[in-house]
Amino acid sequence: MRLHTKLYWDDINQALKTAQRKGRVGKSVVLAVSEQHESRSHARAFEIQLGSAFGDGSSLPPGAANRYGKPQKMRRARNFPGGDVYRFAATWHEWGWFMREVFELDRAARWGGAGWGYKNLADFNDKTGNVFAKLEAVND
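The opening position of the sequence shown corresponds to residue -15 in my numbering, with each subsequent residue numbered one higher.
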């Protein structure tokens, strides 16, 4: 997914680490793709894919659920070409908590492209039903 932001790669990586430290994203999740691009609306853009080398339930955070709120027992395959080791995808909730941490660092960030995605923090909260509106520490 394309991220338009003022942040640098190190900031994005820190957002992922913060979500993991809070127990919202599995420890096996990494930035499987993080390519920098130009942005017409922000200082820079990144193409980001979250991935994991593990497809089993042991790599999921506690209480993992899909976007419909149903329990998720294993990771799904990433929809991304290539034979890299990170062939499993982050869950909808892991993506959401990661995005929320990015929004904590840059509230004007935009996820997605023209006409789709999340225009800013308010749009993200609205489109996700405020699921990620509160950042409570789980394992702090």
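Just so you know, even glycine gets a beta-carbon here, dropped at the ideal spot from N, CA and C.
Starting from residue i, trace the beta strand (DSSP E) in both directions and tell me its first and last residue.
{"i": "F30", "result": "28 to 36"}
{"i": "R(-14)", "result": "-14 to -11"}
Identify whether residue i lies in helix, strand or coil by the three-state DSSP scheme.
{"i": "T112", "result": "coil"}
{"i": "V13", "result": "coil"}
{"i": "W100", "result": "coil"}
{"i": "E78", "result": "helix"}
{"i": "A92", "result": "coil"}
{"i": "E19", "result": "strand"}
{"i": "A106", "result": "helix"}
Do you know how far the Cα of residue j is from the Cα of residue i?
{"i": "A49", "j": "A117", "result": "17 Å"}
{"i": "N(-3)", "j": "V17", "result": "11 Å"}
{"i": "A25", "j": "A93", "result": "Reading the sequence as shown, one finds Ser at residue 25 and not Ala. Computed Cα separation, rounded: 10 Å."}
{"i": "A37", "j": "T2", "result": "20 Å"}
{"i": "W100", "j": "S23", "result": "16 Å"}
Kindly indicate the opening and closing residues of the alpha helix (DSSP H) around residue i.
{"i": "T2", "result": "-7 to 5"}
Cβ contact check for the region 28 to 35 and the region 69 to 89: 3 or more pairs under 8 Å: Two segments are said to touch when three or more pairs of C-beta atoms, one from each, lie closer than 8 Å; by this definition the region 28 to 35 touches the region 69 to 89.
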